[in-house]
């Protein structure tokens, strides 16, 4: 995380607060997560560096940049549904040299099924339940980290896919902006 300057991923008026352990607004009703939760979710992915990973909710690209550096022999696919955030973030990632990242606009289909299966999936928005479409994109042996629960507070979960099915562990409480779309909290 030391290698990724958080101030480059927040609006100019929030830069003086970039290193406080708080979420910061990035516009369009979205936030960049507080550094602690970024670190915790990244840790729970248990990346070894060669995985094919998926990030659902690119946002400002801060988490994306961190994951990119942790995947020197792997590749990160990231999807964002807000066009303005997507365009600004894709340009920022390209300018800063994160070349092992494929950033795409999200569709109504959650994730990036064309690139599946994934060894690791991280969701950076609250899901009312574990999304079936993302579980289907998870490779055997893969890990999915997501906030799951109602809008006001979620469980941070790790789901692991095995040959026998899916095991889910609750790692603590958290609070995220809502996932939108058919497997989220609707459109607004």
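Residue numbers (this note's numbering): 1 to 188. Note that beta-carbon positions come from the ideal geometry of N, C-alpha and C, so glycine has one too.
Relative to the C-alpha of residue 133, which candidate in 125, 109 and 9 has its C-alpha closest? For the purposes of this step, residue 133 is taken as the residue at position 133 of the chain shown. When only C-alpha atoms are compared, the closest one is 109.
Residue 157 and residue 146 - do their beta-carbons sit closer together than 8 angstroms? For the purposes of this step, residue 146 is taken as residue 146 along the chain shown, with counting starting at 1. For the purposes of this step, residue 157 is taken as residue 157 along the chain shown, with counting starting at 1. Their beta carbons are under 8 angstroms apart, which means residue 146 touches residue 157 by this criterion.
Strictly under 8 angstroms for the Cβ-Cβ distance: is residue 50 near chain C by that measure? In the structure shown, chain C cannot be found, because there is only a single protein chain.
Could you say which of 105, 154, 75 and 60 lies nearest to residue 120 if we only look at CA atoms? Stepping through the chain shown from its first residue, residue 120 is reached at position 120. Taking only the C-alpha atoms, the option nearest residue 120 is 75.
Taking buried to mean at least 16 other C-beta atoms within 10 Å of its own C-beta, is residue 71 buried or exposed? Residue mapping note: residue 71 aligns to position 71 of the chain shown, counting from 1. Counting Cβ neighbours within 10 Å, residue 71 comes out buried, since at least 16 surround it.
Taking its Cβ as the centre, do 16 or more other Cβ atoms sit within 10 Å of residue 170, making it buried, or is it exposed? Stepping through the chain shown from its first residue, residue 170 is reached at position 170. Residue 170 is exposed by the Cβ-count criterion.
At the level of alpha carbons, what is the spacing between residue 122 and residue 160? In the chain shown, residue 122 corresponds to position 122, counting from 1. In the chain shown, residue 160 corresponds to position 160, counting from 1. The alpha-carbon atoms of residue 122 and residue 160 are separated by roughly 12 angstroms.
Where does residue 25 sit, in a helix, a strand or coil, going by DSSP? Taking the chain shown and counting its residues from 1, one reaches residue 25 at position 25. DSSP places residue 25 in strand when its eight states are reduced to three.
For residue 118: DSSP bridge partner residues: Within the chain shown, residue 118 is the residue found at index 118, counting from 1. According to DSSP, residue 118 bridges with 138.
Pick helix, strand or coil for residue 161, following the three-state DSSP scheme. Here residue 161 refers to the residue found at position 161 of the chain shown. In the structure shown, residue 161 sits in a strand (DSSP, three-state: E or B).
Continuous beta strand (DSSP E) assignments of at least 3 residues falling wholly in the region 24 to 73: Counting whole runs of 3 or more residues, the region 24 to 73 contains the beta strand (DSSP E) stretches 24 to 27, 30 to 32 and 52 to 56.
Please report the Cβ distance between residue 26 and residue 11, rounded to the nearest whole angstrom; I am assuming they are in contact, meaning their Cβ atoms lie under 8 angstroms. By one-based count along the chain shown, residue 26 stands at place 26. By one-based count along the chain shown, residue 11 stands at place 11. Cβ atoms of residue 26 and residue 11 come within 8 angstroms of each other, at about 6 angstroms.
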